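One point on numbering: in full-length UniProt numbering, the residue at position 7 of the sequence shown is 7, and numbering is uninterrupted. Even glycine gets a Cβ: it sits at the ideal position worked out from N, Cα and C. These numbers were taken from a predicted model, which means no experiment stands behind them.
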Amino acid sequence: MRIGELARRAGVSTRAVRYYEQRGLIRSRRSANGYREYDESDVPIVTEIRELMSVGFTLEDARPFVDCLRSGHSSGGSCPESVAVYRRKLADIDRQIRDLLARRSEVAAQFADACPGCLSRA
Numbered sequence: 001m002r003i004g005e006l007a008r009r010a011g012v013s014t015r016a017v018r019y020y021e022q023r024g025l026i027r028s029r030r031s032a033n034g035y036r037e038y039d040e041s042d043v044p045i046v047t048e049i050r051e052l053m054s055v056g057f058t059l060e061d062a063r064p065f066v067d068c069l070r071s072g073h074s075s076g077g078s079c080p081e082s083v084a085v086y087r088r089k090l091a092d093i094d095r096q097i098r099d100l101l102a103r104r105s106e107v108a109a110q111f112a113d114a115c116p117g118c119l120s121r122a
């Protein structure tokens, strides 16, 4: 299939497909007229990359998921390397939540000092 069809079916732009290819996550062949040609198996790979990126994963984070799909698994998250990435991402999100809660407490304390009684009305 050509790049436009892959992009449409996976829900990304053709520019994103080219970028994923440039980063080595997918591969194309060139037809006689020079057009990029992709396999049917690239649709779930590009879809997986899009879904991962939509929740904050990087392209490097996506690599084990792509490898997992390429090795024949129906889910990119079912391989040990992907599970490790999930665990790292969850730990990172938990750390960010802790940092945000601490920052919120600091701002609330500054607000309470600056405007006594205002915090209860906010």
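Judged by beta-carbon spacing, E81 lies within the 8 Å limit of D67, meaning their Cβ atoms are closer than that value.
In its chain, beyond the 5 residues on either side, A10 have a beta carbon closer than 6 Å to the beta carbon of T47.
For F65 and S78, the gap between their C-alpha atoms comes out near 8 Å. Contact between R63 and L6 is absent: CB atoms are separated by about 19 Å, not below the 8 Å threshold.
A Cβ-Cβ separation of about 7 Å places R36 in contact with R30 under the 8 Å criterion. Here E40 has M1 as same chain residues with Cβ atoms under 8 Å from its own Cβ, once five neighbours each way along the sequence are excluded. Between F111 and K89, the C-beta gap is not smaller than 8 Å, which leaves the two residues out of contact. Non-local beta-carbon contacts of D42 in its own chain, meaning distances under 7 Å to residues more than five positions away in sequence, involve L6 and I26 in chain order. Here the alpha carbon of A91 sits roughly 11 Å from the alpha carbon of A84.
For R88, the secondary structure class from DSSP, reduced to helix, strand or coil, is helix.
For I49 against Y20, the beta-carbon gap comes to about 6 Å, under 8 Å, which counts as contact. R36 sits in a strand when the DSSP states are folded into three classes.
Looking at the DSSP output, R30 bridges to R36.
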